[in-house]
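Oh and the sequence shown: position 93 is 106 in our numbering, straight run, nothing missing.
Every residue gets a Cβ at the ideal spot worked out from N, C-alpha and C, and that includes glycine.
If you're wondering where the values come from, they're calculated on a predicted model, not measured in any experiment.
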Amino acid sequence: QVQLVESGGGLVQAGGSLRLSCAASGNIFRISRMGWYRQAPGKQRELVAAIRSGSTTNYADSVKGRFTISRDNAKNTVYLQMNNLKPEDTAVYYCNADNLMTYWGQGTQVTVSS
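Okay, structure coming up:
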């Protein structure tokens, strides 16, 4: 089992920044990939960014150049730095981890006002 706890969401004006954190605990040693997804009202959950065990990253086209995913292995934590936020970034953001199974955090709300 892997437990994921997100933090760092909130309300910000367009153009502002937020940093999300996801702390992993439990059976973390076989985690091969961690990522951030988001789900806006009435829309499907979508991948925002992911980072693999070899530090390879990938991003949704809509966030490239604005968001950065990183991790601190010593703290078992993955971060999502979000800059130049736009109203369309408003969503619940979920942390995700893959080992032999897929795990999800509880989600954190990000609201960007225009």
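Own chain partners of residue i with C-beta closer than 7 Å, once the 5 adjacent residues on each side are dropped
| i | result |
| --- | --- |
| Arg43 | Asn112 and Leu113 |
| Val76 | Val61 and Ala62 |
| Gln14 | Gly39 and Asn40 |
For residue j and residue i, believed in contact at Cβ under 8 Å, the rounded distance
| i | j | result |
| --- | --- | --- |
| Leu93 | Trp49 | 5 Å |
| Arg65 | Ser38 | Between Ser38 and Arg65 the Cβ distance is about 20 Å, and since that is not below 8 Å, they are no contact. |
| Tyr106 | Leu33 | 6 Å |
CB contact check: residue i to chain D, cutoff 7 Å
| i | result |
| --- | --- |
| Gly23 | Protein chains in the displayed structure number just one, and chain D is not present. |
Cut-off 8 Å between Cβ atoms - residues of its own chain near residue i, not counting five sequence neighbours on either side
| i | result |
| --- | --- |
| Gly55 | none |
Environment of residue i [buried if 16+ CB atoms lie within 10 Å]
| i | result |
| --- | --- |
| Thr69 | exposed |
| Asn109 | buried |
| Thr121 | buried |
| Gly23 | exposed |
| Gly118 | buried |
Own chain partners of residue i with C-beta closer than 6 Å, once the 5 adjacent residues on each side are dropped
| i | result |
| --- | --- |
| Arg79 | Asn96 and Asn97 |
| Tyr72 | Ala62 |
| Asn89 | Ala37 and Ile41 |
Touch check for the segment 96-107 and the segment 24-33: three-plus C-beta pairs under 8 Å? yes
Please give me, in chain order, every unbroken run of the beta strand (DSSP E) with length at least 3 that falls completely inside the segment 23-84. 23-26, 31-39, 46-52, 59-65 and 70-72
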